[in-house]
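**Student:**
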Amino acid sequence: MSRLFPPPRRLTRGIALGIAIPFVAALALLTLTPARVEQSMPNLLDLVLSGAHRFGWESLDFTRLEIIANVLVFVPIGILAFILVPRPLWPLAIVLGPALSLAIEVAQRLALPHRAATLTDVIANSGGALIGVFVAITGTLLFAPHPSQLPPRTLEAS
Numbered sequence: 001m002s003r004l005f006p007p008p009r010r011l012t013r014g015i016a017l018g019i020a021i022p023f024v025a026a027l028a029l030l031t032l033t034p035a036r037v038e039q040s041m042p043n044l045l046d047l048v049l050s051g052a053h054r055f056g057w058e059s060l061d062f063t064r065l066e067i068i069a070n071v072l073v074f075v076p077i078g079i080l081a082f083i084l085v086p087r088p089l090w091p092l093a094i095v096l097g098p099a100l101s102l103a104i105e106v107a108q109r110l111a112l113p114h115r116a117a118t119l120t121d122v123i124a125n126s127g128g129a130l131i132g133v134f135v136a137i138t139g140t141l142l143f144a145p146h147p148s149q150l151p152p153r154t155l156e157a158s
């Protein structure tokens, strides 16, 4: 099955790594600090909710917004995992997002008791990561050249 997905170019991996490091650092700041998002950014949340209500989405409340945000934040984790994991081990990308989410929730439960560590967060985060892996796989199948389409590699004699 790993032959189905050609490996990403070196530049693609470099860019993905350059995005992944600050993204994971920002995710750690967002999830592993004492302040909850609704405490540190209440104006932003009010703005998002009032904007959604203005456009007719009256049923959107903080709980639903939090679930949507958890899904969306982990989509890039799935995409980046698929790009960065070596191709023969690509199924590992499916496990990385849920494992990261579970690690965050366990850390919140053990070290940050005033934060809410919930199974709902793990499910939403895992779903987002799996969507990201699916998007990356789909993009790879649609846009990456298949190994049979690449010119054959030749060894040069020196």
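Just so we're aligned, residue 1 is where the sequence shown starts under UniProt numbering, counting upward by one.
Note that CB positions come from ideal geometry on N, CA and C, so glycine has one too.
Only counting the same chain, and skipping five residues up and downstream in sequence, which positions put a Cβ closer than 8 Å to that of P34?
**Tutor:** So the qualifying residues of the chain are L112, H114, R115.
**Student:** Is the number of C-beta pairs between the region 45-61 and the region 72-90 that are closer than 8 Å three or more?
**Tutor:** As far as the Cβ criterion goes, the region 45-61 does not touch the region 72-90, which means the pair count is below three.
**Student:** From what residue to what residue does the alpha helix (DSSP H) around T138 run?
**Tutor:** Where T138 is concerned, the enclosing alpha helix (DSSP H) stretches over 119-143.
**Student:** Roughly how many angstroms separate the alpha carbons of P98 and S126, rounded to a whole number?
**Tutor:** If you take the alpha carbons of P98 and S126, they lie about 4 Å apart.
**Student:** Taking all protein chains shown into account, decide if S101 is buried (16 or more other Cβ within 10 angstroms of its Cβ) or exposed.
**Tutor:** When all chains shown are included, S101 counts as buried.
**Student:** By the DSSP assignment, the alpha helix (DSSP H) with A116 in it spans what residues?
**Tutor:** Here A116 belongs to no alpha helix (DSSP H), and DSSP marks it neither H nor E.
**Student:** Which same chain residues end up closer than 7 Å to F134 when comparing Cβ atoms and leaving out the 5 residues on each side of it in sequence?
**Tutor:** Nothing listed; no residue qualifies.
**Student:** Thinking C-alpha only, which one of L17, R109, I79 is nearest I137?
**Tutor:** Among L17, R109, I79, the Cα nearest to that of I137 is on I79.
**Student:** What three-state label does DSSP hand R9 in the structure shown?
**Tutor:** The answer is coil: DSSP assigns R9 none of H, G, I, E or B.
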